[in-house]
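Residue numbers (our numbering), protein chains in the order written: chain A, 11 to 244; chain B, 11 to 244.
Every residue gets a Cβ at the ideal spot worked out from N, C-alpha and C, and that includes glycine.
The block underneath contains the structure these notes are about, expressed in structure tokens.
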DNA sequence: GGGTCCCCTTAACTAGTACTTAACCATTTT
DNA sequence: AAAATGGTTAAGTACTAGTTAAGGGGACCC
């Protein structure tokens, strides 16, 4: 149906009968939906590398929609947030809470209208999302290119830009043989003897990080290049 | 819909497919856009309306961007003018045409970049889009952008406008890596070596304020930029 | 009109970092 | 065994950023 992975929607709505209606309709429309019955649980579920859009009811027990939005904004300023508000709410109050790309939709709304609003947001952020918040899961390791962080079991390595560039390239081409020349041209932009030796130094550094997960290893193909072996399940 | 009147943009661009793309994106971003396919019609449209900003393609049939700019300058010396130029153009030639608040942006540019540049300009002339009273809580610190005040435990620092602009930007994008270039484009409007050093001076100043709260810190990501680390719990 | 103040930019010096180069050793290939 | 390739560590170097102070332009005031 969709070659692209489904967009994940964080839906926070305390009226569960309404929540399920929205959820089912969004699933029908090809989204993946996580429904939370209150504000706090929405915050707990949130993960910036995971969700494409957040739909937050404004009036909820245990942290209202605005509080949740502020929290989410601290964690990601990219993800679009759409408020679901009751008609009774004054516009000023809502406006005041808007920041950046946020919008709101007044209950009762049609699913069509909701889907349209969501599309507008997603169209706007899809490009950025696809190249701005890159993260990879490599075995037990989690690598966020945008944060320059490589995590394993709570241990965090702060990478330099070059290390991250190299690792990103390896991740994007894992489990196949990469010629030295290929890596150099793509990551350094040119290929000469000294940069080749420089690359070897970086390879050593990356291997130190990978020690933590024996399933992940950077194999040398003598005279040719490397192969970044990673578990392929999942 | 919006209580604040929308900012009107005069967009002169002879490549209509590009013109429509820009127009649609600007409308999405909340602007009102008048698109003109050549220089003369841009001049005709100009005096009839009160525009907040002009975006002029340099190379156009029937009066080029510079000619249009001269004409507009006769009618108003306040309105910001932003040129859209082809990469091939020599910088000197463009610089020569700059006057006062004018700037230029080189094609191809991202809509993000265009919006950022426009924002910087508009902020300079009119007092912000609609932030009546922007304030942030950062750990133990309390920052009121509108009052230019940073408070901690009864101690108050009076910030300058630039300090506040920078801090506001950092607050709005905390806990993620911000490239130097990104900060410069957003806060200063352009990115060159000296402004970069100027930014470093401001960074030093802000860090002095943050000394009061160890939970808040402005981390350097060497060779990349900064990350404004603020507590996210609570 | 000149002086003063304020704030931003530029300069200058210092400190620190990341990448390259070198050196030496290990492994593989011929 | 000799030669080539790659692993590893350390030294070297260019660059980046921190910091403080000196310039310099604009606003305000007398």
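- For residue 145 of chain B, there are no neighbours in chain A by C-beta distance under 9 Å, as the nearest C-beta there is about 12 Å away.
- Nearest in C-alpha terms to residue 23 of chain B, of all of B/40, B/211 and B/73, is B/73.
- Identification of chain A residues near residue 234 of chain B by a Cβ-Cβ cut-off of 9 Å yields 158, 170 and 171, ordered along the chain.
- Distance from the Cα of residue 231 of chain A is smallest, within the candidate group A/220, A/127, A/35 and A/186, for A/186.
- For residue 217 of chain B, no Cβ of chain A is located within less than 8 Å of the residue's own Cβ.
- Within the segment 141 to 202 of chain A, the complete alpha helix (DSSP H) runs of at least 4 residues fall at 171 to 182 and 190 to 193.
- When C-beta distances to chain B are compared with 9 Å, the residues of the segment 64 to 94 of chain A below that value are 81, 83, 84, 85, 86, 87 and 88, in chain order.
- For a Cβ distance threshold of 8 Å, nothing in chain A lies close to residue 152 of chain B: the least Cβ distance comes to about 15 Å.
- Spatial neighbours of residue 235 of chain B in its own chain (CB-CB distance under 8 Å, excluding positions within 5 residues in sequence) are listed in chain order as 187, 188, 189, 190, 191, 192 and 193.
- Using a Cβ-Cβ cut-off of 8 Å, residue 231 of chain B counts as an interface residue toward chain A, since at least one Cβ of chain A sits closer than that to its own.
- Listed by position along chain A, the residues whose Cβ is nearer than 7 Å to that of residue 51 of chain B form an empty set, because the closest Cβ is around 29 Å away.
- Going by DSSP, residue 96 of chain B is part of the beta strand (DSSP E) stretching over 91 to 96.
- Distance from the CA of residue 77 of chain B to the CA of residue 196 of chain B, rounded to the nearest whole angstrom, comes to 29 Å.
- Sixteen is the threshold: since fewer than 16 other Cβ atoms of the shown chains lie within 10 Å of the Cβ of residue 224 of chain A, the residue is exposed.
- In the DSSP annotation of this structure, the continuous segment of the alpha helix (DSSP H) that includes residue 38 of chain B starts and ends at 26 to 38.
- Taking a Cβ-Cβ cut-off of 8 Å, the neighbours of residue 186 of chain B in chain A comprise 86, 87, 156 and 157, given in sequence order.
- Within the same chain, and ignoring the five residues on either side of residue 151 of chain B in sequence, the residues whose Cβ sits closer than 8 Å to its Cβ are 160, 161, 162, 219, 220, 222, 223 and 226.
- Scanning its chain for C-beta atoms nearer than 8 Å, with the 5 sequence neighbours on each side dropped, one finds around residue 123 of chain A the residues 115, in chain order.
- For residue 23 of chain B, there are no neighbours in chain A by C-beta distance under 7 Å, as the nearest C-beta there is about 21 Å away.
- In summary, residue 209 of chain A is buried, with 16 or more beta-carbon neighbours lying within 10 Å of its beta-carbon over all protein chains present.
- Taking the beta carbon of residue 242 of chain B as reference, the chain A residues within 8 Å of it are 81, 84 and 85, listed in sequence order.
- Excluding its 5 nearest sequence neighbours in each direction, residue 93 of chain B has C-beta neighbours in its own chain below 6 Å: 66, 68, 75 and 114, listed in chain order.
- For residue 22 of chain A, no alpha helix (DSSP H) encloses it; the enclosing beta strand (DSSP E) starts and ends at 18 to 22.
- Burial state of residue 84 of chain A is buried, judged by a 10 Å Cβ sphere holding 16 or more other Cβ atoms.
- In the DSSP assignment, residue 113 of chain A falls within the beta strand (DSSP E) that extends over 113 to 117.
- In this structure residue 89 of chain A touches residue 64 of chain A by the C-beta definition: roughly 6 Å separates them, less than 8 Å.
- In this structure, residue 155 of chain B keeps its C-beta atom at 8 Å or more from the C-beta atom of residue 172 of chain B.
- Restricting attention to A/170, A/183 and A/119, the CA atom closest to the CA of residue 148 of chain A is found in A/183.
- Here residue 132 of chain A is not bridged, per DSSP, to any residue.
- The bridge partners DSSP lists for residue 231 of chain A are A/235.
- Secondary structure note for residue 68 of chain A: it is in no alpha helix (DSSP H), with a DSSP letter that is neither H nor E.
- Here residue 123 of chain B carries a helix assignment [DSSP, helix/strand/coil].
- By the Cβ neighbour-count rule, residue 41 of chain A is buried, with 16 or more other Cβ atoms within 10 Å of its own.
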